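Residue numbers (our numbering): 154 to 560. Glycine residues also receive a C-beta, built at the ideal position from the N, C-alpha and C atoms. These numbers were taken from a predicted model, which means no experiment stands behind them. Read through the structure below, which is laid out as structure tokens, and then see the notes.
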Amino acid sequence: MSASHTVVIVGGGSAGIATAASLLKRRPRLDIAVVDPAETHAYQPGWTMVGGGVFDAKKTLRSEASVIPKGVEWIKQAATGFVPDNNEVILADGSRVRYEALVVAPGIRLAWDKIEGLEETLGKNGVTSNYRYDLAPYTWELVQRLKSGRAIFSQPVMPIKCAGAPQKSMYLSCDHWMRNGVLGDIEVEFRNAGGVLFGVQDYLPALMEYVEKYDIALKLNSNLVSVDGAGQTATFETEDGEVTREFDMLHVVPPQVAPQFLADSPLAADSGFTEVDQHTLQHVRYPNVFGLGDAGNMPNAKTMAAARKQAPVVAVNALRQLDGKRPTAGYDGYGSCPLTVERGKIVLAEFGYGGKLMPSFPEWIIDGTKPARLSWMLKADALPWIYWNGMLKGREWLAGPGGLIAQ
154 MSASHTVVIV GGGSAGIATA ASLLKRRPRL DIAVVDPAET HAYQPGWTMV GGGVFDAKKT
214 LRSEASVIPK GVEWIKQAAT GFVPDNNEVI LADGSRVRYE ALVVAPGIRL AWDKIEGLEE
274 TLGKNGVTSN YRYDLAPYTW ELVQRLKSGR AIFSQPVMPI KCAGAPQKSM YLSCDHWMRN
334 GVLGDIEVEF RNAGGVLFGV QDYLPALMEY VEKYDIALKL NSNLVSVDGA GQTATFETED
394 GEVTREFDML HVVPPQVAPQ FLADSPLAAD SGFTEVDQHT LQHVRYPNVF GLGDAGNMPN
454 AKTMAAARKQ APVVAVNALR QLDGKRPTAG YDGYGSCPLT VERGKIVLAE FGYGGKLMPS
514 FPEWIIDGTK PARLSWMLKA DALPWIYWNG MLKGREWLAG PGGLIAQ
């Protein structure tokens, strides 16, 4: 016999837990189940700082049990499929759980396997990535060890979570090398599969100043396709054909795709991600299904800050759906990318759909288009605390649900 809950949330990461907390804030006795097999919960934005020698990796992790809101049932296994015509989620053990409303928030899959030779050399031979908890400390180890040679930082095609993260690692590394007087002996390359350094024009002048300051060779339309760890070479597809480069340090950002069980389901768009209205976050074919976070097909930047804004919208609209009413809350595409351009300074990129600037503070406090120390303090000190004690607890500071966006 199937278990049944009023609301089932697939995914116990940032988006899923924040949504559960926001739902309970509005309806404290609501019957909610969260489906997730993970034992631990990570503050992933902190991994850039771990790779830069600023944070201790252990402080970015807590037990999953500690973040499940009180009163929510934790179904501690993976979801393997959706049967929305029957209002059911299929679990790894073959059982099913029924719902009245479903929230899809399983995150994004890091497709390391799409780069030939990468998986077997991660964490050794100078190959690292801040996109994995266990590898971020190795990034810092490599940065400290490197005194001369070539360091390559790669970025795959979109979508990826935190589109600025590939650059953040590079800038923090370069800052360390500059402070230690060895940057002049290190050849730094940024190889980006895309055609621009950053997708929102307003932030480019500040970022380009740092590219020039650190003498970074900017290589656009250059996509990493294979790695020979033992030989310390990386091969890239470029407009002029394949290029193979030797390296002493290689920071890789993996291609990223929808989780396969979602991509194979009736809930998926052609992209594999959950097909939702970009404003209401309600599924376009199944009105009692909502999607948010990295697994949604909305055209916003996939960041934790985006999930923070999306969770209250889903909470409001899911409750209205349960009550037989239409959605009233709207998401405006907000995302934030604190670009760590040097130790102690950040370019605080905040923008919504269409690249519209959406600063949280007046320009006289923080001008997000320029590097600022206050922005660094926000990321290093305030945001982790706000994450654990605000976002995951249903406290919607600077993130309350807005009205529906005109369409």
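With 16 or more neighbouring CB atoms inside 10 Å of its own CB, A174 falls in the buried class. Excluding sequence positions up to five before and after L271, its CB lies within less than 6 angstroms of the CB of W265, V380, all in the same chain and listed in chain order. For S219, the enclosing alpha helix (DSSP H) covers residues 217 to 220. Judged by DSSP secondary structure, R303 falls within the beta strand (DSSP E) whose first and last residues are 302 to 308. In this structure, DSSP gives V429 an extended state, which the three-state scheme calls strand.
Contact between the region 442 to 462 and the region 161 to 177 is present, with at least three C-beta pairs closer than 8 angstroms.
Sixteen is the threshold: since fewer than 16 other Cβ atoms of the shown chains lie within 10 Å of the Cβ of G394, the residue is exposed. Per DSSP, reduced to three states, the secondary structure at A525 is strand. Following the DSSP letters along the chain, one finds T201 inside the alpha helix (DSSP H) bounded by residues 199 to 204.
Per DSSP, the continuous beta strand (DSSP E) segment holding M402 begins and ends at 402 to 404.
The way I'd put it, the region 209 to 223 doesn't touch the region 235 to 242; fewer than three beta-carbon pairs between them come closer than 8 angstroms. Taking a 10 Å sphere around the C-beta of M530, we find fewer than 16 other C-beta atoms and assign the residue as exposed.
For F414, the secondary structure class from DSSP, reduced to helix, strand or coil, is helix.
Note on N453: 16 or more other CB atoms within 10 angstroms of its CB, so buried under the neighbour-count rule. A Cβ-Cβ separation of about 15 angstroms leaves V406 out of contact with Y286 under the 8 angstroms criterion.
Excluding the 5 residues flanking it on each side, T233 has same chain C-beta neighbours closer than 7 angstroms at I243, L244, A245, F414, in chain order. The region 288 to 308 and the region 318 to 330 touch, with three or more beta-carbon pairs separated by less than 8 angstroms. For Y324, the secondary structure class from DSSP, reduced to helix, strand or coil, is helix. A check of alpha carbon separations from D447 across E365, P259, M511, L183 identifies P259 as the nearest.
Secondary-structure assignment with DSSP links D381 through a beta bridge to T386. Cβ contact annotation for I228 (same chain, cutoff 6 angstroms, sequence separation greater than five): A186, V188, in chain order. Under the three-state reduction of DSSP output, N239 falls in the helix class.
Secondary structure of V467 (DSSP, three-state): helix. Judged by beta-carbon spacing, L350 lies within the 8 angstroms limit of L360, meaning their Cβ atoms are closer than that value.
Counting along the chain, N542 sits inside the alpha helix (DSSP H) bounded by residues 536 to 542. With respect to L472, R179 sits close: the two C-beta atoms are nearer than 8 angstroms. If you compare the alpha carbons of W200, T493, Y252 with that of Y439, the shortest gap goes to Y252. Following the DSSP letters along the chain, one finds V349 in no beta strand (DSSP E), marked with neither H nor E. L244 carries a strand assignment under DSSP once its states are collapsed to helix, strand and coil.
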